[in-house]
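For the sequence shown, numbering that gives the first Met the number 0 begins at 0 and goes up steadily by one.
A virtual CB, placed ideally from N, CA and C, is assigned to each residue, including glycine.
So the structure is just underneath, and the comments pick up after that.
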Amino acid sequence: MEDVKRELVFVPAPALGHMASTIELTNRLLSTTHPHHRISITILIVNFPYTDNNFNSYFQSLPSIFPNIRFIILPPVDPPPLPAHVAIETLVSLYGPKWTPQLKNALTQLTESAPTRLTGLVIDFLFTDFIDVATQLGVPTFLNYTTNAAMLGLILHLPTLDANYPKTTEFTELAIPSFANSVPPTVLPTPLLKKSDDSYKWYVHHCGRLRELKGILVNTFPDLERHAIESFSGAPKVYAVGPIVDVEGKGQLRPVGRGEQERIMRWLDRQPEESVVLVCFGSMAGLSGVELREIAAGVEASGYRFLWSLRKAPRFSGDGKVVEEDPMEGLPEGFEGRVEGGGGDGVWVGGAGGGVGAQGNWGVCESLRVELDIGEFVVWGANSNLAYVRGAAVECVLFG
């Protein structure tokens, strides 16, 4: 009998959080699978024009860091016509059809590579157009959902909300099966707040295709989101595979250098235990000028020490490139000076009042791990990463 190795192919979004989570998940699959069930894993990386040199270097370095995983970087594609101001959800969705032929070619080559049998395609949420390619090749498609079960329940329920609610629902409480309590529409992720926006339409498009999946992997666990997990029924089957945490940090991008990370760690080490508030919204999130000023006013007025991973909302040019802006320019006048113990180096300001990280999320996120105890809290993640988690409290614990 021919010894056939089963091949799983993952296609994550080209963003740090998605990539690191996918790599950690695939490492776990490889390390926990019985040797008798021979599997190999390939990660296909789409070539996105907004990725800068740091990301490109990061992608190129992955094969040497993770030799047990095969990485294939797809060639660049011609950009689709883009509006002047485009949200990230719209940008990724418009590129989907451009990547489809490349994906089909890569999968076809893998299926022809004996003795390997392609047994599954695992995609990111905004890549549902890839389901068609897998179906043509007779391969089941799974979703690797990197947020949480509550948000997963929301997007599974979105087609129902879209059909049953009018354009304006500001005064309506929404009952969402994965949420323990009803919520007002104003707390939904930004792309879901206005039906006339392209980002909302793309969300509905992708959500409408989720029922075609063979299964969904979500980075959570029952002790954290029992209500949300128990709310799922029918197809597709949902698998809680968390917590997926890159404890060693091997899958992380480090563009700021070891020096800044050590500076942040030294400042944190000087603070009393459980005294620092971490303000961090993920690698793709950004704040508008109004949001920036409101958060600055809030953390300053709170009197608590804080560590802020600061990033302004990205703007995209007509060719899809990110237009970077200095995040420090959006802070209220005199804010840095009013924070006690100013560091004076323009990267972060530490002291009794807190700290400001101005180099994005990398230096902070690679230095912190989130551990959860039973309690009650609601977490709002910027840029569509809503995290309603009832019945937990967050403690940030340093490691490494």
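Can you name the residues that DSSP bridges to E6?
S39 and L117
Of the listed residues K4, T31, S30 and V45, nearest to L18 (C-alpha basis)
The question names Leu, yet the displayed sequence has Met at residue 18. Nearest option by C-alpha distance: V45.
R337 beta carbon near the ligand GTP (any heavy atom closer than 7 Å):
Of the ligands one can find in the structure shown there are none, so the ligand GTP has no counterpart to examine.
For E394, does the three-state DSSP call read helix, strand or coil?
Reliability fails at E394, whose pLDDT of 28 lies under 50, so the model's placement of it is uncertain and the value that follows must be treated cautiously. Strand.
Using DSSP with H/G/I as helix, E/B as strand and the rest coil, what is G214?
strand
Per DSSP, A239 forms a beta bridge with which residues?
V217
Is it buried or exposed for I175, if we count other Cβ within 10 angstroms and need 16 for buried?
buried
Pair within 8 Å by beta-carbon distance, A12 and D123
yes
Contacting residues, own chain, Cβ-Cβ under 7 Å from T21 (five flanking each side not counted):
F9, P11, I42 and N143
Can you tell which of L330, E272 and Y202 has the C-alpha that lies nearest to the C-alpha of E299?
L330
Alpha carbon to alpha carbon, how far is A296 from L223? Give it in angstroms, no decimals.
31 Å
Outcome for Y164 when other beta-carbon atoms lying within 10 angstroms are tallied against a minimum of 16:
exposed
Provide the residue(s) that pair with R69 in DSSP beta bridges, ordered along the chain.
T41
Own chain partners of Q410 with C-beta closer than 6 Å, once the 5 adjacent residues on each side are dropped
No statement about residue 410 is possible, as the shown extent of the chain runs from 0 to 399 and does not include it.
Range covered by the alpha helix (DSSP H) that runs through T140
Looking at the DSSP string, T140 is not in any alpha helix (DSSP H); the run it does join, the beta strand (DSSP E), is T140 to Y144.
Measure the CB-CB distance between T140 and I130 and report whether it falls below 8 Å.
yes
If you measure between the beta carbons of L173 and C206, is that distance less than 8 Å?
no
Which first and last residues belong to the beta strand (DSSP E) in which V278 is found?
V275 to V278
Use the C-beta contact count for P80: other C-beta atoms within 10 angstroms, 16 or more gives buried, fewer gives exposed.
exposed
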